[in-house]
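When we follow my numbering, the leftmost residue of the sequence shown carries the number 236, and every step to the right adds one.
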Amino acid sequence: MSHKRVAILISGGGSNMVSLVDSMIGDHPVRPCLVISNDAEAGGLKKAAARGIATAVVDHLPFAGDRAAFEAELVKPLLAAEADIVCLAGFMRVLTVGFVSQFQGRMLNIHPSLLPKYKGLNTHARALEAGDTEHGCTVHEVTAALDDGPILGQARIPVVPGDTPDTLAARVLEWEHKLYPAVLRRFAAGDRRPVLLP
Ligand code: GRF
236 MSHKRVAILI SGGGSNMVSL VDSMIGDHPV RPCLVISNDA EAGGLKKAAA RGIATAVVDH
296 LPFAGDRAAF EAELVKPLLA AEADIVCLAG FMRVLTVGFV SQFQGRMLNI HPSLLPKYKG
356 LNTHARALEA GDTEHGCTVH EVTAALDDGP ILGQARIPVV PGDTPDTLAA RVLEWEHKLY
416 PAVLRRFAAG DRRPVLLP
């Protein structure tokens, strides 16, 4: 079987990347072809290398805010790796429409909130401040608008009394690791029905 190739973009520990990579076995139609980080110190790079996956670093700092110049470098290893699908997994750089449009309909992102609620950062603290009784994570297709785009999956969990941003984030992260692999597998089969967990 010829597998589809997925490139995964990270900025940090890469726990979502690890969950995705470890799910792509057996009859799964996708295999990881590359892990890219914008930060050479990202812990996820070692985890990818330990799993035998090619890695690349495209540091955004030398481009000092020139997003187009950074993205012109970032796209090179993706094209060289012939990625069919791109998964953003803890990737913390905002991508412009110029970059996103090159992967229209085949770039996914995971965001730690029940979108459309709490786009952007500090999602767990914001849910707690709002007194929400439930929270969770979302996988969506990446479009030019930040944390927007068609929803491909959501995991919904209760907020429990005494939750702090850290305890809530830890529980959400466990569900991210279940949701993203399930969405990638369904998405790769051409099925865009949202995965809804639990
Ligand atoms: C996770 O909370 C994820 O939702 C967000 O980045 C955080 C770290 O992800 N996008 P990872 O451990 O680097 O995958």
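Backbone N, C-alpha and C define an ideal beta-carbon position, used for all residues, glycine too.
Boundaries of the alpha helix (DSSP H) in which residue i is found, first to last residue
| i | result |
| --- | --- |
| Asn251 | 250-258 |
| Thr402 | 400-423 |
| Ala362 | 358-364 |
| Pro443 | The question about residue 443 has no answer, for the chain in this structure spans 236 to 433. |
Whole-angstrom C-beta distance between residue j and residue i, which should lie under 8 Å
| i | j | result |
| --- | --- | --- |
| His375 | Gly366 | Not quite, the Cβ-Cβ distance comes to about 25 Å (not below 8 Å), so this is no contact. |
| Val310 | Leu343 | Wrong, their Cβ atoms sit about 17 Å apart, outside the cutoff. |
| Ser348 | Cys322 | About 18 Å; that fails the 8 Å criterion. |
Proximal residues to residue i (C-beta, below 6 Å), its chain only, five neighbours per side dropped
| i | result |
| --- | --- |
| Glu308 | Val293 |
| Ala289 | Leu269 |
Beta-carbon proximity list for residue i, same chain, < 7 Å, skipping 5 on both sides
| i | result |
| --- | --- |
| Arg286 | Val256 |
| Ala277 | Ile245, Ser246, Gly247, Gly249 |
| Tyr353 | Arg361, Ala362 |
Inter-residue Cα distance where the pair is residue i and residue j
| i | j | result |
| --- | --- | --- |
| Val430 | Gly300 | 36 Å |
| Arg240 | Pro393 | 35 Å |
| Leu350 | Ala315 | 33 Å |
| Thr331 | Leu381 | 9 Å |
| Pro312 | Tyr415 | 23 Å |
| Gly261 | Ala303 | 38 Å |
| Met327 | Gly279 | 13 Å |
| Pro297 | Pro433 | 42 Å |
| Ala284 | Gly397 | 38 Å |
| Ala291 | Leu403 | 32 Å |
| Val407 | Phe305 | 31 Å |
Residue range of the unbroken beta strand (DSSP E) whose run includes residue i
| i | result |
| --- | --- |
| Gly371 | 369-376 |
| Arg266 | 265-272 |
| His346 | 342-346 |
| Ala390 | 386-393 |
| Leu349 | No beta strand (DSSP E) contains Leu349, which DSSP labels as neither H nor E. |
| Ala242 | 239-245 |
| Ala291 | 290-292 |
| Leu323 | 320-323 |
| Leu432 | 430-432 |
8 Å Cβ shell around residue i - same chain, five flanking residues per side excluded
| i | result |
| --- | --- |
| Arg266 | His238, Lys239, Arg240, Val241, Met259 |
| Gly357 | This sequence places Asn at residue 357; Gly is not what is there. For Asn357, where only same-chain residues beyond five positions count, the Cβ hits under 8 Å are Pro400. |
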